[in-house]
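To start, the structure under review is shown below, and the notes come after it.
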Amino acid sequence: MRDGSFTASFPVLEATAYLNAGTCGPTPQASTDAMVAQLQAGLEHGRAATYYQGLMALQVTAREAWGRLLRAPVEELALTNGTTDGIARALALVPWRDGDEVVISDEEHPGVTGPAGALIRREGVAVRTAPLEELASAVTPRTRLVVVSQVSWLSGRVLDVAALAEAGVPIVLDGAQSTAAISVDLGELRKLGVVAFAGSGQKWACGPVGTGVLWVDPAWAPDRGVGIWPSYENLEDPGSGLDAKAWPDARRWDSTSLPAELLAGSVASLQVLEAAGWDEVLSAGPARAAAFAEELRGIGVEVLPRGESTLVSWRPADAEAAVAEGLERGIVIRNFPGLPWLRASIGAWTTDEHVERLLELARATA
Ligand SMILES: Cc1ncc(COP(=O)(O)O)c(C=O)c1O
16 MRDGSFTASF PVLEATAYLN AGTCGPTPQA STDAMVAQLQ AGLEHGRAAT
66 YYQGLMALQV TAREAWGRLL RAPVEELALT NGTTDGIARA LALVPWRDGD
116 EVVISDEEHP GVTGPAGALI RREGVAVRTA PLEELASAVT PRTRLVVVSQ
166 VSWLSGRVLD VAALAEAGVP IVLDGAQSTA AISVDLGELR KLGVVAFAGS
216 GQKWACGPVG TGVLWVDPAW APDRGVGIWP SYENLEDPGS GLDAKAWPDA
266 RRWDSTSLPA ELLAGSVASL QVLEAAGWDE VLSAGPARAA AFAEELRGIG
316 VEVLPRGEST LVSWRPADAE AAVAEGLERG IVIRNFPGLP WLRASIGAWT
366 TDEHVERLLE LARATA
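Start counting the sequence shown at 16; every next residue gets the next number (the working numbering).
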């Protein structure tokens, strides 16, 4: 991977130190080519039976690719629009009762706080917020679920799932910053009480916006209907009208009308990463991020406490000004509105030269 051919798969990296995969990953050329080819086929041949057969084949390929990455059987994987969509779909599977509580951490993205806020208003569920390391002690006999990010989008801290498992409450994981960024084994997480896991396709998996994956433990949701409003593709016998039954597998939870164009791009991106070797991709990113964090500390910069993830956040003199200065220097990183931190997303594709450029920026804006 050090030979640069992997990095060359992502045209944006040629001129730009693009360090923003925590928002949207760099796009491989192959992904855009696959989307264009799909669009072109629709343009030239129309979108009838062949188009839909192609769509169904892509659904199979996408599920298989996610399954290899996340170590889960394809029957347990739903294709979604992203992490937030997956979290909402998982929460919709719970038959909420009066007095139920959900516990979340105080580092959650709107991908969790949005659906959790809706639970309060729609279902009368109480949502309790606790610091990441105190989640287990925030659990009460009324807690139905803990909903929490596996990797914090703010700091890059990694949840200690085993410690949280001690609380004995089902866990729903927001995998936006762990999917295709760090090693995730859903078989192992399931043993720790994780009942659902939602990930994004557009971040570390480098696919198009509007793609994602949801895993649901079939033992937790054995026959919990079809979640959010079912559509044609969720139903085994859509011709049966009101009596139509949902697919017995996770297709029942697929998002509505995921287009073939997006799925083609998503699959192509996953293939580029898989061809580089998931073990290599999932170890190189965190290793490079750790090395960068160490160098930042070495120049006296305050780095937010983090874990073995691909995110590094630190405090510059003025975060907004530092983002603008970065753009001048061909560096893409982000800040958080109202917070003093800058965040860099360091992937397996990040080169030494990009890290050097970033360090210079950190020095100049300290
Ligand atoms: C922790 C976390 N959760 C959820 C999301 C939202 O992801 P999506 O756009 O795929 O719903 C993000 C995106 O930044 C995130 O960082």
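Yeah, the Cβ is synthetic: ideal placement off N, Cα and C, and Gly gets one too.
Which class does residue i belong to by DSSP, given the choice of helix, strand or coil?
i	result
Ser360	strand
Arg330	coil
Asn249	helix
Ser120	strand
Ala339	helix
Asp294	helix
Val231	strand
Ile102	helix
Leu201	helix
Ala107	coil
Arg349	strand
Val318	strand
Val382	Residue 382 lies beyond the stretch modelled for the chain, which goes from 16 to 381, so this question has no answer here.
Val89	helix
Val224	coil
Ala261	strand
What residue range does the alpha helix (DSSP H) around residue i cover?
i	result
Ala145	Note, Ala145: premise wrong, no alpha helix (DSSP H); beta strand (DSSP E) at 141-145.
Thr47	44-60
Asp367	367-379
Val176	176-180
Ile135	125-138
Leu150	150-153
Val27	27-30
Within 7 Å: the Cβ of residue i and any heavy atom of ligand 1?
i	result
Ala211	no
Gly362	no
Thr38	yes
Trp268	no
Thr98	yes
His124	yes
Gly315	no
Gly227	yes
Asp189	yes
Trp382	Residue 382 cannot be examined here, being either before or after the span of the chain that is shown, 16 to 381.
Pro215	The question names Pro, but residue 215 in the sequence shown is Ser. Yes, ligand 1 has a heavy atom inside 7 Å of this Cβ.
Gln192	yes
Ser284	no
Ser164	yes
Alpha carbons only, please: which of the options is nearest the one belonging to residue i?
i	options	result
Val75	Leu319, Val166, Glu248, Asp258	Glu248
Ala299	Thr365, Thr271, Ala336, Pro263	Thr365
Ser24	Leu319, Ala290, Gly216	Ala290
Arg321	Glu203, Leu277, Phe351, Ala306	Ala306
Gly313	Leu58, Ala377, Gln68, Trp268	Ala377
Ala337	Glu323, Thr325, Trp356, Leu326	Trp356
Asp189	Gly208, Ile197, Ala180, Ser215	Ser215
Val327	Ile346, Ala178, Gly37	Gly37
Cys221	Tyr33, Gly19, Glu368	Tyr33
Ala259	Leu28, Thr271, Pro245	Pro245
Gln44	Gly114, Trp235, Ser20	Ser20
Arg266	Tyr66, Asp48, Ala77	Ala77
Thr47	Trp81, Gln286, Ser360, Ile348	Gln286
Gly114	Glu371, Leu160, Ala145	Leu160
Gly40	Asn350, Asp294, Asp269, Ser284	Ser284
Ser270	Val224, Leu94, Arg136	Leu94
Val127	Gly139, Arg143, Arg112	Arg143
Ile186	Glu203, Val163, Asp175, Ile197	Val163
Could you pull the start and end residues of the beta strand (DSSP E) that residue i belongs to?
i	result
Phe212	209-215
Ser164	158-164
Glu79	It is not in any beta strand (DSSP E) - Glu79 instead sits in the alpha helix (DSSP H) that spans 64-85.
Leu92	92-95
Leu188	186-189
- Message: Does the segment 248-258 come into contact with the segment 48-68, if we say contact requires no fewer than three beta-carbon pairs (one atom in each stretch) closer than 8 Å?
- Response: Flag = no, the segment 248-258 and the segment 48-68 do not touch.
- Pair every Cβ in the segment 167-186 with every Cβ in the segment 118-131, then say whether three or more of these pairs are closer than 8 Å. These segments touch.
- Item | Contact between the segment 105-120 and the segment 140-158 (3+ Cβ pairs under 8 Å) | Judged by Cβ distances under 8 Å, the segment 105-120 makes contact with the segment 140-158, as three or more pairs qualify.
- Message: Under 8 Å: do the segment 202-213 and the segment 94-106 share three or more Cβ pairs, one atom per stretch?
- Response: Counting C-beta pairs closer than 8 Å gives three or more between the segment 202-213 and the segment 94-106, which meets the contact rule.
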